[in-house]
Every structure is written in C-alpha cells, then in structure tokens.
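Peer 1:
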C-alpha cells in the first residue's frame, strides 16, 4: 500500500475551491477501523456547507461530503465489531449510537464538516460509528444511505408510520424517494408532489398512490385533501421548508410534519392557528442514530429495497456532480465512484 492517498479539499467556500491534494494514509488507532472508500453520495447539506454560511467558523481547508461506503482494510486494537474485508458504512453523526441526540454530537461530530468528510481514498472512524453494509446493496447504493435514507426513516418512525397511514412526500430527491419506498413497504398510502409529468410517471412507477404536479396545481394542499378523501395526510416529510403553510393545510387532524430540509430556503411563515387547532405536531428531524440506521437496514433487507441513483460520476469530477445535484433534473441520488 502506498503511504499517501488522494484527497479532495475545499480551499475556499465555492465549487472553484475544490482541489485534488495528497495526504498520508491514516492509521487505525485503538477501537478504530481504516476504511477504503469505494463510493460516496452527495446531499444538499454538502452544498450548504460549501456556501460558507451553514457552519460559521468552519476552518479551511476541509474535506467535504458526508456519505460513503467502503471496505475495512485494517482494524485497531480492541476492535471486535468488524474484521478486515468487511463492507461498512460510516455513520454521518459520529458518536450517536442510540438515545437522544446531544448538542455536542450535532455540532462537532458530523462527517463532511466540521469533521473531515469522505472525499478521500481512505478514512478512519471508530468501529462503533459504522454499520455493516446490507448484503443486497452495491457499494454505490450503500453510499446513499447515511443522510437521505436515514432521515426519511427517522421522519416516518417519528410520525408513527403504519399500515393505513397517509404520507406526503415532496419532490423526487433522495429523502423524498426513500420516504416513498419506506412508506409503501410499511403499508402506508403515499401522495407525492412533483414538478413535471415525467417525474410524475416515475413516482407512480415507484409506488406512489397519488401524484400531484405542483406547477399545474400551485395551491396543492386542496388537491392533497381531495386525494385523501378530505382528511389530509397523517405524515408530511417536509423537504422544502418554504411550503409550510400549505403543508399545514394538507395535514390531517393530529398529524405530523417532520421538517428535514431547506431546499426551498431558510425562511417561511405560518398561521399558528393552523398548528394549534388541528393539533398538528411539528418536529425538526436530524438524520438519525446508529441504532436507527441498523433498524432501517433490517427493513431494507426484509423488503429488498434498492436506492434510486440519478447519476454516477468519478469522484474526481466532483464539480460536475455538484452541478447535477443543483440542477435536479433526474430523480434520485448523485453517486461518486471512488474505487
């Protein structure tokens, strides 16, 4: 094995600041594993971090991107959880094994900043902060799970997903598609929002029971209620942030809105009466713990679910990959091939 490795660093808060560099290959210390990165995937968080406003005070350079999958090539002293050759997925929030998320974990222990991310040939993580890759998934598929899939899973579980429940997903990005797949696998009825007829056909093919084109129906909350027999949906996976007023109108009495993203912007407005009167529960969803991820992986294997990959790029074509993510032309996740 060579003594150094390729790394992509962000040297400024702009895509133009992404540069290939070299660093020494890290060594697995006690309790740690050295992982050969095989594939990575992009999230909107990666774009937000690169803007320089998402994590004020972040020091340059840093290694971007949070999600990857790979294989263990070395283990440190005391590691019994994994062995050399095992396929693994590092958790996005390092240190959150179970229970409630702490402020320290949220602010200081996330891959892709402030911890260095996964755009490097090798990465060291504590063995307890990784999970086995599902046997039915390729490394490219597995690399899509740490943020998007787990966020969708956490949101649905917090909302009490169950057979007969009605779920609204917004768009055809990674979280929305995972939420659709999980909800259908768990027996729920799914209403999906989209911006084009082509994506509508795709969502229907993936299992959506009702699809609403929000460009044709800008006031889509009424259409959601019509599709659900007037009751509204029990669970909303809120990915845009700015659609909150309509989400409240589309939500059933006693329903749940899990706010998981901000692709539409950071600010919105709402009528508090729409929240209190219908007894709607509003919760911010922050990805999930290792225990949640293990439960999710069990469901993926049980229901033979496969992530939707929109496009694949070499990791050295990272700027093109980010451009594809921002364009959002194709449903699913943007994957980077590292090995």
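In the UniProt record's numbering, the protein residues as written are 1 to 339.
Every residue gets a Cβ at the ideal spot worked out from N, C-alpha and C, and that includes glycine.
It should be emphasised that the depicted structure is a prediction, and the values quoted were computed from it without experimental measurement.
So, with DSSP's three-state summary, where would you put residue 129?
Peer 2: Against the chain shown, residue 129 aligns to sequence position 129. Three-state DSSP puts residue 129 in a helix.
Peer 1: How many angstroms separate the CA atom of residue 26 from the CA atom of residue 123?
Peer 2: On the chain shown, position 26 is the one that residue 26 refers to. On the chain shown, position 123 is the one that residue 123 refers to. Each residue's Cα considered, the two are about 7 Å apart.
Peer 1: Starting from the C-beta of residue 185, find all residues in its chain whose C-beta is less than 7 Å away, skip the five residues before and the five after it, and write them out in chain order.
Peer 2: Sequence index remark: in the chain shown, residue 185 carries index 185 (1-based). Around residue 185: 299, 303, 305.
Peer 1: Measuring alpha carbon to alpha carbon, tell me which residue in 200, 284, 326 is nearest residue 44.
Peer 2: To locate residue 44, count along the chain shown from 1; it is residue 44. Nearest C-alpha to residue 44: 326.
Peer 1: Is the CB-CB distance between residue 171 and residue 193 below 8 Å?
Peer 2: For the purposes of this step, residue 171 is taken as the residue at position 171 of the chain shown. For the purposes of this step, residue 193 is taken as the residue at position 193 of the chain shown. Yes, these two residues count as a Cβ contact at 8 Å.
Peer 1: Can you tell me where the beta strand (DSSP E) holding residue 41 begins and where it ends?
Peer 2: In the chain shown, the residue the question calls residue 41 occupies position 41. Unbroken beta strand (DSSP E) run through residue 41: 32-41.
Peer 1: Return the Cβ separation of residue 69 and residue 39 in integer angstroms, given the expectation that the two are a contact with Cβ distance under 8 Å.
Peer 2: The residue you call residue 69 lines up with position 69 of the chain shown. The residue you call residue 39 lines up with position 39 of the chain shown. With a Cβ gap of about 5 Å, residue 69 and residue 39 count as contacting.
Peer 1: Between the segment 71-82 and the segment 252-266, do three or more beta carbon pairs fall short of 8 Å?
Peer 2: no
Peer 1: Residue range of the alpha helix (DSSP H) that residue 222 falls in?
Peer 2: Locating residue 222 in the chain shown gives position 222, where the first residue counts as 1. Its alpha helix (DSSP H) spans residues 220-227.
Peer 1: Determine the burial state of residue 102: buried for a count of at least 16 other Cβ atoms within 10 Å of its Cβ, exposed for fewer.
Peer 2: Taking the chain shown and counting its residues from 1, the one referred to as residue 102 is at position 102. That one is exposed.
Peer 1: According to DSSP, which residues form a beta bridge with residue 210?
Peer 2: The residue given as residue 210 occupies position 210 in the chain shown. Paired residue(s): 191.
Peer 1: May I ask you to report which of helix, strand or coil DSSP gives residue 251?
Peer 2: What you label residue 251 is simply residue 251 of the chain shown in a count that begins at 1. Three-state result, residue 251: strand.
Peer 1: By the DSSP assignment, the alpha helix (DSSP H) with residue 155 in it spans what residues?
Peer 2: What you label residue 155 is simply residue 155 of the chain shown in a count that begins at 1. Where residue 155 is concerned, the enclosing alpha helix (DSSP H) stretches over 150-158.
Peer 1: Can you check DSSP and say which residues form a bridge with residue 343?
Peer 2: Beyond the ends of the chain as shown, which are 1 and 339, falls residue 343; an answer cannot be given.
Peer 1: What does DSSP give as the partner residues of residue 15 in its beta bridges?
Peer 2: On the chain shown, position 15 is the one that residue 15 refers to. None, per the DSSP bridge assignment.
Peer 1: Could you check whether residue 255 and residue 237 sit closer than 8 Å to each other, using their CB atoms as the reference points?
Peer 2: Taking the chain shown and counting its residues from 1, the one referred to as residue 237 is at position 237. Taking the chain shown and counting its residues from 1, the one referred to as residue 255 is at position 255. Cβ atoms of residue 237 and residue 255: not closer than 8 Å.
Peer 1: Among 91, 84, 111, which residue has its Cα nearest to the Cα of residue 55?
Peer 2: Residue mapping note: residue 55 aligns to position 55 of the chain shown, counting from 1. For the residues 91, 84, 111, the minimum Cα distance to residue 55 belongs to 111.
Peer 1: Mind checking whether residue 173 and residue 239 have CB atoms under 8 Å apart?
Peer 2: Here residue 173 refers to the residue found at position 173 when the chain shown is read from its first residue. Here residue 239 refers to the residue found at position 239 when the chain shown is read from its first residue. Their beta carbons are under 8 Å apart, which means residue 173 touches residue 239 by this criterion.
Peer 1: Specify, as a first and last residue, the run of the beta strand (DSSP E) that residue 234 falls within.
Peer 2: Against the chain shown, residue 234 aligns to sequence position 234. It spans 233-238 - the beta strand (DSSP E) in which residue 234 sits, taken as one unbroken run.
Peer 1: Would you say the segment 198-212 touches the segment 137-155, given that touching needs at least three Cβ pairs under 8 Å?
Peer 2: No, they do not touch.
Peer 1: For a test of the three-state rule: what should DSSP assign to residue 245, helix, strand or coil?
Peer 2: Counted from its first residue, the chain shown places residue 245 at position 245. Note: residue 245 maps to helix in three-state DSSP.
Peer 1: By Cβ distance below 7 Å, which residues in the same chain neighbour residue 155 in space, the five residues on each side in sequence not counted?
Peer 2: Stepping through the chain shown from its first residue, residue 155 is reached at position 155. Hits under 7 Å: 179, 237, 258, 260, 285.
Peer 1: Please report the residue range of the beta strand (DSSP E) in which residue 72 lies.
Peer 2: The count along the chain shown starts at 1 and reaches residue 72 at position 72. It spans 67-75 - the beta strand (DSSP E) in which residue 72 sits, taken as one unbroken run.
Peer 1: Would you kindly work out how many angstroms separate the C-alpha atoms of residue 340 and residue 166, rounded to a whole number?
Peer 2: This structure leaves residue 340 out entirely; the chain is present only between 1 and 339.
Peer 1: Using CA coordinates, which residue listed in 62, 72, 50, 57 is at the minimum distance from residue 37?
Peer 2: Residue 37 sits at position 37 when you count from the first residue of the chain shown. The candidate whose alpha carbon is nearest that of residue 37 is 72.
Peer 1: With a floor of 4 residues, list each alpha helix (DSSP H) that falls wholly inside the segment 276-328, ordered by position along the chain.
Peer 2: Those alpha helix (DSSP H) runs which fall completely within the segment 276-328 and span 4+ residues are 290-303, 318-327.
Peer 1: In whole angstroms, give me the CA-to-CA distance for residue 129 and residue 271.
Peer 2: Along the chain shown, read from residue 1 onward, the residue named residue 129 stands at position 129. Along the chain shown, read from residue 1 onward, the residue named residue 271 stands at position 271. C-alpha separation (whole angstroms): 41 Å.
Peer 1: Starting from residue 176, follow the beta strand (DSSP E) in both directions and report where the run begins and ends.
Peer 2: Within the chain shown, the letter at position 176 stands for residue 176. Note, residue 176: premise wrong, no beta strand (DSSP E); alpha helix (DSSP H) at 174-185.
Peer 1: Assuming residue 349 and residue 18 form a contact by the criterion Cβ under 8 Å, report the distance between their Cβ atoms to the nearest whole angstrom.
Peer 2: In the structure as shown, the chain begins at 1 and stops at 339. Residue 349 is therefore absent and cannot be evaluated.
Peer 1: Tell whether a beta-carbon distance below 8 Å holds between residue 131 and residue 293.
Peer 2: As a position in the chain shown, residue 131 is number 131, starting the count at 1. As a position in the chain shown, residue 293 is number 293, starting the count at 1. Yes, the Cβ-Cβ distance between residue 131 and residue 293 is below 8 Å.
Peer 1: Can the beta-carbon of residue 125 be found closer than 8 Å to that of residue 8?
Peer 2: What you label residue 125 is simply residue 125 of the chain shown in a count that begins at 1. What you label residue 8 is simply residue 8 of the chain shown in a count that begins at 1. Cβ distance not < 8 Å, so residue 125 and residue 8 don't count as in contact.
Peer 1: What are the residues that DSSP puts in a beta bridge with residue 47?
Peer 2: Residue numbering aside, residue 47 sits at position 47 when the chain shown is read from its first letter. According to DSSP, which records beta bridges pairwise, residue 47 is partnered with nothing at all.
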